[in-house]
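Visitor: With our numbering applied, the sequence shown covers 61 to 755. All C-beta atoms, glycine included, are put in the ideal place defined by N, C-alpha and C.
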Amino acid sequence: MDGYFQLSATLEGHEDDVKALVAPFNDTIISASRDRTVRVWTKEAVWSSKINFTSGGFVNSLAFDSLKTLIISGGQDKLINLTDLFSVQLEPSFTLIGHESNVCSLDTDGTQIISGSWDATAKVWENNQLKYTLEGHSASVWDVKILGKDRYLTCSADRTVKLWHKSQELKTFVGHSDVVRSLAILPQDRGFISASNDGTLRVTDFNGDLIEELAGHDSFVYSVKLLSNGDIVSCGEDRSVRIWRDGKPHQVIRLPCISVWTVAVLPNDDIVVGSSDNSIRIFTRDAERAASKEEIKELQDSVESMALNSEAFDESKASAPEVLQSPGSREGQVVVVKSPAGVNEAYQWTENKWTKIGEVVSGSTSDKKVEYDGKKWDFVFDVDVKDGEPALKLPYNVSENPYVAASRFLEKNELPTSYTDQVVQFITTNTQGVTINQQSDYSNPYADTRREKLVPHKQYLGFTLDNHDSILKGLKKFNDVENTFDMSQLSKVENDFKTGDANGLLSVSSEIITTWSNKLVGFDILRYIINKLDTPPAVLTEAIRIGLDPSQPPLYFMTLRMVSNVFLNERWGESIITDLDVASKLLKVISFNPDSLGKHQVNVANAIATVLLNFSIYTVKYQSKKLAELVLDKLQTIGGTVNNASSEAAYRLTVAYGNLVYFDAKLKLDFEKFKASVKYQEQRFTDLFNDIDNL
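What follows is the structure, given as structure tokens:
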């Protein structure tokens, strides 16, 4: 059965996106959804389902222990729940507690369970107890695989794949240019397949050598699996499921939805896909299991009625209808044909025939496009981020996912991802009334959770941007004046950045801080490495003493950023920075006078707010009453003026205050006074105020 897949069944029952699937038996499918449920689907004459478990939040990941017939599910509530396949339970049989954020991936071999989370860790569990924590990724761990006893593979939003033995990192695989979302393991330990937001799949051996790269998806690739004959199946944000054979697309299946989140393979090699239209669809190569002609036609009609963004096609090169009389050049090839009615229609070459996949419509009601950065856009907005500085350009086409546009804008301008929802709201507000035939059920492809409680906030924040190119430029520029480092030493600094040699960079940073007249680049290096050092650097106390000088605003905010990053050092950061004597002296010298800070006041405000937020997190974590008093005093002293400088600073200070209220409810009255000083009307403040009011 190596022919083409066709629809076998459509399963309806979930009330929100289907995010994860497991297909353990030919007559059994397990699904997880944003509707907070885990469903078990069984087939007798037809498919039917029962809710196996209802979670406290979105359910985003699944695994199945076939020996114990246990369903393993994880999601937004940070828990891993184990439920029996054949029961309908109000409570799980077991719950594994340990992750600090959404559990987005799971795998099991019957003895061990491995979980991946947005908290940037993977955890290995055995006999319902934590066995190992795998720490090394710098961002969310999107997928996890067990390769054998004590041998694991993980992939991450940090664009890497890592191989582990027990809790030790053995090897890091690089090559993708964006978030790595999914993994599939090749048989006989030959390697693995990785799927990425960069639109590619990479087949790699365990030595790190690339076997082949599969390119064809038009957007993010969310999930990848292997069929028994060696074919690869993938799905993604381009509304497609793709079958790959011998490094080339063998079949492309389009679906009438925005996101195809997940794919699973039944033992009989039928494939199951879950998507953003709440549906599960099964596809088969076996004619006996195919759906009726009416059901297949209904799906095709739904696909044909889709409106496709004209930005993806060159309408000026629309082909004559006669092109459909000739075979396509490759599987998945798309051509645009102008119909007799004058409508541009897209056809895809698949299964050795041309199939209509939608009508090509303009992104907006106006034919006027704006050129920016070498491309044509429906809109190019001016976004004011900082007073006194030029507006930033935000390009957008109304037929694209606004979350993709927001992420592109933030990444290009090195702005915090916490602004994503604000940018999306800005886009949707300013493009109302100009959308044509566009589905509105967009969800954020970078994150998949609705709002959790915002307080208490438990994760330290920092300023960890790797801007070593600009650091090196500054180092070389000021070294021409100071004449401290020769060419070989500068070359070593550059190499230390590339290899991540924090100790090598520390010696350079210390030299600059203690001997140069312009010390800023030394502080920037220390900011970058401080959370990576095994022991507190000898220069730290002197650096804080020198740097916390508001009369030198660039040095002042860089020092505050460095102090924020000390909290991120899991080896010694908390013990050093939260010593009451140290904390008292540090907080005492922090001040904020916007008139003397000029154009630097936003940077200073954001840095101060982050330091105070981190101190509040420590207060909650270790129930430190004396530290709470110190933080409260500083919030009452400078909170109002810091709020006025920056909405991000105001937000972080409000979270800090929320942490203190969580620690001591008697502080609610003080918070109400602080709340009155916050003038921003953004939705995130409304949500935050509500959470604090409900403490």
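Would you decide whether ARG219 is buried or exposed? Buried here means 16 or more other CB atoms lie within 10 Å of its CB.
Guide: When all chains shown are included, ARG219 counts as buried.
Visitor: State yes or no: is the C-beta of TRP224 within less than 8 Å of the C-beta of SER283?
Guide: Going by C-beta atoms, TRP224 is not nearer than 8 Å to SER283.
Visitor: Could you give the first and the last residue of the continuous beta strand (DSSP E) run that contains THR344?
Guide: Taken as a continuous stretch (DSSP letters only), the beta strand (DSSP E) holding THR344 covers 340-344.
Visitor: Residue range of the beta strand (DSSP E) that TYR282 falls in?
Guide: 281-286 is the span of the beta strand (DSSP E), which, as asked, contains TYR282.
Visitor: Check the C-beta distance from PHE652 over to THR701 and give it rounded, since I have them as a contact under 8 Å.
Guide: Contact flag correct, Cβ pair sits at about 5 Å.
Visitor: Look up THR601 in the DSSP assignment and say whether it is helix, strand or coil.
Guide: Three-state result, THR601: helix.
Visitor: Could you tell me the alpha carbon to alpha carbon distance between HIS528 and LYS686, rounded to whole angstroms?
Guide: Roughly 38 Å separates the two Cα atoms.
Visitor: Applying the 10 Å Cβ sphere with the 16-neighbour rule, what's the burial state of ARG250?
Guide: Counting Cβ neighbours within 10 Å, ARG250 comes out exposed, since fewer than 16 surround it.
Visitor: Do you know how far the Cα of TRP107 is from the Cα of ILE173?
Guide: Rounded to whole angstroms, ILE173 to TRP107 spans 29 Å at the Cα level.
Visitor: Going straight from the alpha carbon of ASN338 to that of GLN612, what length do you get?
Guide: Cα to Cα, ASN338 sits roughly 56 Å from GLN612.
Visitor: Could you give the distance in angstroms between the alpha-carbon of GLN743 and the alpha-carbon of ALA709?
Guide: Computed Cα separation, rounded: 15 Å.
Visitor: Please determine if the stretch 551-559 and the stretch 711-728 are in contact, where contact requires at least 3 C-beta pairs separated by less than 8 Å.
Guide: With a cut-off of 8 Å, the stretch 711-728 and the stretch 551-559 do not count as touching, because too few Cβ pairs lie within range.
Visitor: How many Å lie between SER147 and ARG96 at the Cα?
Guide: For SER147 and ARG96, the distance between alpha carbons rounds to 17 Å.
Visitor: Going straight from the alpha carbon of PRO654 to that of ASN704, what length do you get?
Guide: In a straight line, the C-alpha of PRO654 is about 9 Å away from that of ASN704.
Visitor: Tell whether a beta-carbon distance below 8 Å holds between TYR520 and ASN666.
Guide: Their beta carbons are not under 8 Å apart, which means TYR520 does not touch ASN666 by this criterion.
Visitor: CB-CB under 7 Å to GLU72, same chain, minus the five flanking residues each way: which ones, in chain order?
Guide: Contacts found: SER339.
Visitor: For ILE650, does the three-state DSSP call read helix, strand or coil?
Guide: Residue state, collapsed to three classes: coil.
Visitor: Between THR70 and THR88, is the Cβ-Cβ spacing less than 8 Å?
Guide: No. Outside cutoff.
Visitor: Would you check if the distance between the CB atom of PHE545 and the CB atom of ASN578 is smaller than 8 Å?
Guide: For PHE545 and ASN578, no; Cβs fall outside 8 Å.
Visitor: Between the C-alpha atoms of GLU75 and LEU145, what's the straight-line distance to the nearest angstrom?
Guide: C-alpha separation (whole angstroms): 21 Å.
Visitor: Applying the criterion that 16 or more other CB atoms from any shown protein chain within 10 Å of the CB defines a buried residue, is GLN696 buried or exposed?
Guide: The residue in question, GLN696, is exposed, as its Cβ has fewer than 16 Cβ neighbours within 10 Å.
Visitor: Report buried or exposed for TYR588, applying the criterion of at least 16 other Cβ atoms within 10 angstroms of its Cβ.
Guide: Looking at its Cβ environment, which holds 16 or more other Cβ atoms inside 10 Å, TYR588 is buried.
Visitor: Assuming LEU608 contacts ILE650 under a Cβ cut-off of 8 Å, what Cβ separation, rounded to an integer in Å, is found between them?
Guide: The pair is a contact, with the Cβ atoms about 7 Å apart (cut-off 8 Å).
Visitor: Can you give me the Cβ contacts of SER379 inside the same chain, cut-off strictly under 7 Å, excluding the 5 residues immediately before and after it?
Guide: Result list for SER379: VAL395, VAL396 and VAL397, in chain order.
Visitor: Kindly give me the distance between the Cβ atoms of GLY135 and PHE118, rounded to whole angstroms, as I take these residues to be in contact under 8 Å.
Guide: Sure, about 5 Å apart at Cβ, within 8 Å.
Visitor: Would you grab the beta carbon distance between ILE590 and GLY582 for me? Rounded to a whole angstrom, and I think it's under 8 Å.
Guide: In fact, because the Cβ distance is near 12 Å, the residues do not count as touching under 8 Å.
Visitor: Taking C-alpha atoms, which residue in GLY699, ARG302, ILE417 and ALA466 lies nearest to GLY276?
Guide: Nearest option by C-alpha distance: ARG302.
Visitor: In its own chain, which residues sit with a C-beta less than 8 Å from the C-beta of ASN750, not counting the 5 before and 5 after it?
Guide: Excluding sequence neighbours, ASN750 sits near nothing in its chain.
Visitor: Do ILE90 and LEU139 have their C-beta atoms within less than 8 Å of each other?
Guide: Cβ distance not < 8 Å, so ILE90 and LEU139 don't count as in contact.
Visitor: Looking at the strands, I want to know which residues DSSP matches up with ALA275.
Guide: Paired residues: THR260.
Visitor: Would DSSP call TYR520 helix, strand or coil?
Guide: TYR520: coil per DSSP, three-state reduction.
Visitor: Kindly say whether LYS686, judged by its beta-carbon, lies nearer than 8 Å to any beta-carbon of chain D.
Guide: Structure shown: chain D not included; a single protein chain is present.
Visitor: Are the CB atoms of ASN141 and PHE124 within a distance shorter than 8 Å?
Guide: No, the Cβ-Cβ distance between PHE124 and ASN141 is not below 8 Å.
Visitor: Using alpha carbons as the reference points, say which of VAL240, THR679, ASN187 and PRO610 lies closest to GLU634.
Guide: The candidate whose alpha carbon is nearest that of GLU634 is THR679.
Visitor: LEU525: which of SER569, SER624, LYS436 and LYS513 sits nearest, CA to CA?
Guide: Nearest option by C-alpha distance: SER624.
Visitor: From the DSSP output, which residues share a beta bridge with TRP304?
Guide: Its beta-bridge partners are ILE292 and PRO309.
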